[in-house]
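Chains as they are written, first to last, in the working numbering: chain A, 1 to 139; chain B, 140 to 278.
Glycine included, each C-beta is placed from N, C-alpha and C at the ideal position.
Below: the structure, in structure tokens.
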């Protein structure tokens, strides 16, 4: 049962603290009355998705003894034009760099994350259509 | 179209950077192979929800000339026991402290945020059943 406490600091700046005890600062951009000092709440969703699925994928690739030297994930989202600007689409791209990386291992790790393990993807996937791609760069 | 780039640092630690250019560190707890140095991706969802809706509510209350001296939001989530542990329920509680605060103004601001404006709430509400409450503390 994850809990978070979010406290107004000033203007539109808030600090959130969740169960692990780590704090996140959030702010609105100047166009929405904030000072742009920190992430917008809505952009935390693609970041959380990339982090969640990235942890699944890297841990599966490590179990499969893949020699990953660099791992990046790009998440792009689309939000509805009308209020409340719900996320309607998200694309997640995994870029795995390493030595003798098995494309099949990457494909399977991504599938396992998106179909079985990633809580953030499963939650956001109820609102947004999620698509994915991956790229393997052999060093 | 919000975009985020998430890069593996080491172990299970990732850094996410989204359009505003601000970075968020994410990590898994030791029980999941990480070092617990930062927020878990899944707990960013209740934090983002509280920040998003909190920004709506405080800006509406300011427009209504409410003298808010403190504003806190608590979000508690429930996730399914089985993989992928999707969020199934979220409760958001708003605690507004101030002088001569109109309960009606708080009620209406919360309704407007949850029914009309908050993109994170609308997105998460497709997966989780969202309930809310509010408390007004007169100083």
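Residue 116 (chain A) belongs to the set of residues whose beta carbon lies under 8 Å from a beta carbon in chain B.
Taking a C-beta distance under 8 Å as the contact criterion, residue 48 (chain A) and residue 168 (chain B) do not qualify as a contact pair. For residue 147 (chain B), the C-beta contacts it makes with chain A under 7 Å involve 54, 58, 71, in order along the chain. Of all residues in the segment 148-160 of chain B, those with a C-beta nearer than 7 Å to a C-beta of chain A are 151, 153, 155, 157, 158, 159, reading in chain order. In chain order, 96, 134, 136 place their CB closer than 6 Å to the CB of residue 106 (chain A), counting only its own chain and leaving out the 5 sequence neighbours on each side. DSSP, reduced to helix, strand and coil, places residue 48 (chain A) within a helical segment of the structure shown.
What residue 143 (chain B) touches in chain A, judged by beta-carbon distance under 7 Å, is 43, 46, 47, 50, 75, going in chain order. Under the Cβ criterion of 8 Å, residue 179 (chain B) is counted among the residues facing chain A. Runs of alpha helix (DSSP H) with 4 or more residues, each lying fully within the segment 24-75 of chain A, are found at 44-63, listed in chain order.
The shortest CA-to-CA distance from residue 233 (chain B) to any of B:242, B:255, B:178 is the one to B:242. For residue 266 (chain B), the closest Cβ of chain A is nearer than 8 Å. Assignment of residue 139 (chain A) by DSSP, reduced to helix, strand and coil, places it in the coil class. Interface annotation, residue 263 (chain B): in contact with chain A, CB-CB separation under 8 Å.
Here residue 262 (chain B) carries a helix assignment [DSSP, helix/strand/coil].
Taking 8 Å as the CB threshold, residue 170 (chain B) stays off the interface with chain A.
In terms of CA proximity to residue 155 (chain B), A:52 leads the group A:121, A:52, A:3. Per DSSP, reduced to three states, the secondary structure at residue 222 (chain B) is coil, with no helix or strand assignment. Three or more beta-carbon pairs drawn from the segment 244-260 of chain B and the segment 77-85 of chain A are found closer than 8 Å, and the two stretches are therefore classed as touching. Contact annotation for residue 175 (chain B) against chain A: 20 [CB-CB distance below 8 Å, chain order].
Residue nearest to residue 150 (chain B) within the set B:158, B:161, B:176, B:144 is B:176 (criterion: CA-CA distance). According to the DSSP assignment, residue 255 (chain B) belongs to no alpha helix (DSSP H), since it is labelled neither H nor E. In its chain, beyond the 5 residues on either side, 227, 228 have a beta carbon closer than 6 Å to the beta carbon of residue 217 (chain B). At a cut-off of 8 Å, the C-beta of residue 85 (chain A) has a neighbouring C-beta in chain B.
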